[in-house]
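Student: Chains as they are written, first to last, in this note's numbering: chain A, 1 to 282; chain B, 1 to 114.
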Amino acid sequence: MVGLFVLALIIGVAGTIAGVGGGVLFTPVMLGFTDVHPDLVRATGLAIACYSSIMAGVIFFKERIAPFRLILIASSVLLPAAIIGSMVGIHVAALGKWGQGLVRLLLGLTIFIVVVLLSIKKVDWPTSRCSGGFVKFFGLRYIYHEKTLNKEIEYCPIRPYAGLPLLFLVGFVSGFFGLGAAWALIPTYNLVMGLPLKVAAASSKASLAFADTGALWVYMHSGKVYPELIITASLGVILGANMGAKILLKARVAIIRWLIIAIMIFNGIQLVIRGLGEMGII
Amino acid sequence: MREADRQYAEITKILIYAALVILAAALVIRITLNPEVFTEFKNVISGELDHWKPEGFIDYVPLYAIYFINSVAPLALVIVLPALYRENVPTALLATIILVLLILVILGVVSIRE
């Protein structure tokens, strides 16, 4: 139990420094390198992503860096998707060794997509006109004070017809794998929906509170949670994330970030090989 | 009158920190009062255990602690719903749909039965 706490602590620190979040590292590491049942790992991963998201909301909604009403609109898509994802995930893992292998294989492939999305160049200040019907209807014109520029920044989401279907996909993946989803939400909010990078990053961290709450309850009702695993890992990752945020101010972030990405690639390869092995393909 | 986003941030702050303290306390209580936890935990780590159900009274302590932390987001949303209706009705309606769905999941209406 102490070992799990230390591992979760390291994941929390590393995930924050690398900018991927502890919830994204926990599930692949546990599924790749331990024998813990995939359902228990995914439920724990969901708990980490959910609690971290709630804690992020405390800061970002107060500072108005994350738009609360947009998060609610996003949650109306993310929540059903995450619930469906968790149900499908439990059904697939119930297929036995083959199903568990499939989960590992798909997660390994998802890790490669995560690495690609993390490497995509984002836009700091995308130009978005706040005059659309969607913005007016839901009151999504926001202003926050950008300290680095010392000025008020106006922003609003655009292209909801493209962004919301992508959010459904993100919610499904989060529920299915028990994964945090900042890696997918940041490019969606920034490049598709036109939010400034800082707002997109904050929104992505605060987006999964409702969606992962729903998905987690599905796991709870199915008896797919083990309390000591959830409590130890959640407390470890949350504490680690706080430590990571402090280290972030002093550390050489670029080197650590590439190191974490290298570990993720290795983890992805390992998951694919193990998954194919369990499915009897190799 | 406080806006919904700031109100939500303040409520979740109180609830989530209280929930984390309760979680830690629940862990200590179960470890202290149920010596079989370590054997059970070993079985989880070795992959022998794929699901868990509470058996004795002590087992319900961490379970209820997890129930509580899993209810933080919906609880906070219930509290800010009136403020949200004052600010923007369409978003408040969406929030109500989210709440209804969450309540259905929490009550086990939307779930998998084995």
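We treat Cβ as the ideally placed atom computed from N, Cα and C, and that holds for glycine.
Please give the ranges of any alpha helix (DSSP H) in the segment 126-181 of chain A, keeping only runs that are unbroken, at least 4 residues long and fully inside the region.
Tutor: Considered as a whole, the segment 126-181 of chain A harbours 133-138, 160-177 as its complete alpha helix (DSSP H) runs of no fewer than 4 residues, in chain order.
Student: Whose CA, out of B/85, B/53, B/71, B/58, lies closest to the CA of residue 225 of chain A?
Tutor: B/53
Student: Note down, in chain order, every chain B residue with its Cβ under 7 Å from the Cβ of residue 209 of chain A.
Tutor: 73
Student: Quick one: using the 10 Å Cβ neighbour count with 16 as the cut-off for buried, is residue 133 of chain A buried or exposed?
Tutor: exposed
Student: On the CB-based measure, 16 or more other CB atoms within 10 Å of its CB, does residue 228 of chain A come out buried or exposed?
Tutor: The residue is buried, with at least 16 neighbouring Cβ atoms inside 10 Å.
Student: Does the beta carbon of residue 63 of chain B come closer than 9 Å to any beta carbon on chain A?
Tutor: yes
Student: Could you tell me which chain A residues have their CB closer than 9 Å to the CB of residue 44 of chain B, listed as they occur along the chain?
Tutor: 36, 37, 40, 226, 228, 229
Student: So, are the CB atoms of residue 77 of chain B and residue 107 of chain B less than 9 Å apart?
Tutor: In this structure, residue 107 of chain B does not lie closer than 9 Å to residue 77 of chain B by Cβ.
Student: Of all the CB atoms in chain B, is at least one closer than 9 Å to the CB of residue 50 of chain A?
Tutor: yes
Student: So, using beta-carbon positions, are residue 143 of chain A and residue 153 of chain A closer together than 9 Å?
Tutor: yes
Student: Just the Cα atoms here: how many angstroms apart are residue 56 of chain A and residue 50 of chain B?
Tutor: 31 Å
Student: Using the three-state DSSP reduction, which class does residue 110 of chain B fall into: helix, strand or coil?
Tutor: Residue state, collapsed to three classes: coil.
Student: Pair every Cβ in the segment 107-115 of chain A with every Cβ in the segment 267-275 of chain A, then say whether three or more of these pairs are closer than 8 Å.
Tutor: yes
Student: Do residue 257 of chain A and residue 17 of chain A have their C-beta atoms closer together than 9 Å?
Tutor: Yes, Cβ-Cβ distance for residue 257 of chain A and residue 17 of chain A is below 9 Å.
Student: Between which residues of its own chain and residue 95 of chain A is the CB-CB distance below 8 Å, once the five residues before and five after are set aside?
Tutor: 102
Student: Looking at residue 48 of chain A and residue 180 of chain A, is the spacing between their C-beta atoms short of 9 Å?
Tutor: Yes.
Student: Thinking C-beta only, is residue 86 of chain B closer than 9 Å to residue 62 of chain B?
Tutor: No.
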